[in-house]
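**Q** Pasting a structure here, questions to come.
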């Protein structure tokens with residue numbers, strides 16, 4: 006880590022910061038599907054920046070965008086599924 010010239014860093018403080026970073030990096034939080042949807046929806050609303058949302062929940066922006074992509078693709082698949090189901094229902098009605 007580089008420091009500014011006039012800024013002295015306490016070695017104990019630096020090692021504790023390093024330890025906290027390592028713990029956070031190695032501790033994997035598991036979010037439920039509902040939590041992921043809420044986080045993505047919070048970003049879609051646009052009331053806060055994506056960076057602020059990511060800091061708030063302790064996730065990387067890459068993780069947020071991956072969830073966002075999955076959310077959108079799942080929505081597309083759901084809509085495609087509805088179209089297929091409606092066609093099947095129409096066929097059933099014709100057979101009756």
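In this note's numbering, the protein residues as written are 6 to 101.
For glycine and all other residues, C-beta sits at the position ideal for the given N, C-alpha and C.
Keep in mind the model is a prediction, meaning the values are calculated, not measured.
1. If distances are taken between C-alpha atoms only, which option among 81, 73 and 93 comes closest to residue 49?
2. Taking the alpha-carbon positions, what's the residue 60 to residue 84 distance?
3. Report the three-state DSSP secondary structure of residue 71 (helix, strand or coil).
4. Using only the alpha-carbon positions, how far apart do residue 10 and residue 19 sit?
5. If you compare alpha carbons, which of 51, 53, 39 and 44 is closest to residue 68?
6. Which first and last residues belong to the alpha helix (DSSP H) in which residue 48 is found?
7. For a test of the three-state rule: what should DSSP assign to residue 65, helix, strand or coil?
8. Inspect the beta-carbon positions of residue 47 and residue 40 and report whether they are closer than 8 Å.
9. Once the 5 residues before and after residue 76 are set aside, which same chain residues still bring their CB inside 6 Å of it?
**A** In short, the structure shows the following:
1. For the purposes of this step, residue 49 is taken as the residue at position 44 of the chain shown. Of the candidates 81, 73 and 93, the one whose C-alpha sits nearest the C-alpha of residue 49 is 73.
2. For the purposes of this step, residue 60 is taken as the residue at position 55 of the chain shown. For the purposes of this step, residue 84 is taken as the residue at position 79 of the chain shown. If you take the alpha carbons of residue 60 and residue 84, they lie about 32 Å apart.
3. In the chain shown, residue 71 corresponds to position 66, counting from 1. Three-state DSSP puts residue 71 in a helix.
4. Translated into the one-based positions of the chain shown, residue 10 becomes position 5. Translated into the one-based positions of the chain shown, residue 19 becomes position 14. Note that residue 10 scores 49 on pLDDT, short of 50, meaning its location in the model is unreliable; the coordinates nonetheless yield the value given after this. Distance between the alpha carbons of residue 10 and residue 19 is about 16 Å.
5. In the chain shown, residue 68 corresponds to position 63, counting from 1. The shortest C-alpha to C-alpha distance from residue 68 to any of 51, 53, 39 and 44 is the one to 44.
6. Position 43 of the chain shown, counted from the first residue, corresponds to residue 48. Where residue 48 is concerned, the enclosing alpha helix (DSSP H) starts and stops at 38 to 50.
7. Along the chain shown, one-based indexing puts residue 65 at 60. Assigned with DSSP and collapsed to three states, residue 65 falls in coil, not helix or strand.
8. Translated into the one-based positions of the chain shown, residue 47 becomes position 42. Translated into the one-based positions of the chain shown, residue 40 becomes position 35. Result no, Cβ atoms of residue 47 and residue 40 do not sit closer than 8 Å.
9. In the chain shown, the residue the question calls residue 76 occupies position 71. Closer than 6 Å at the Cβ level, and outside the excluded window around residue 76, lie 45.
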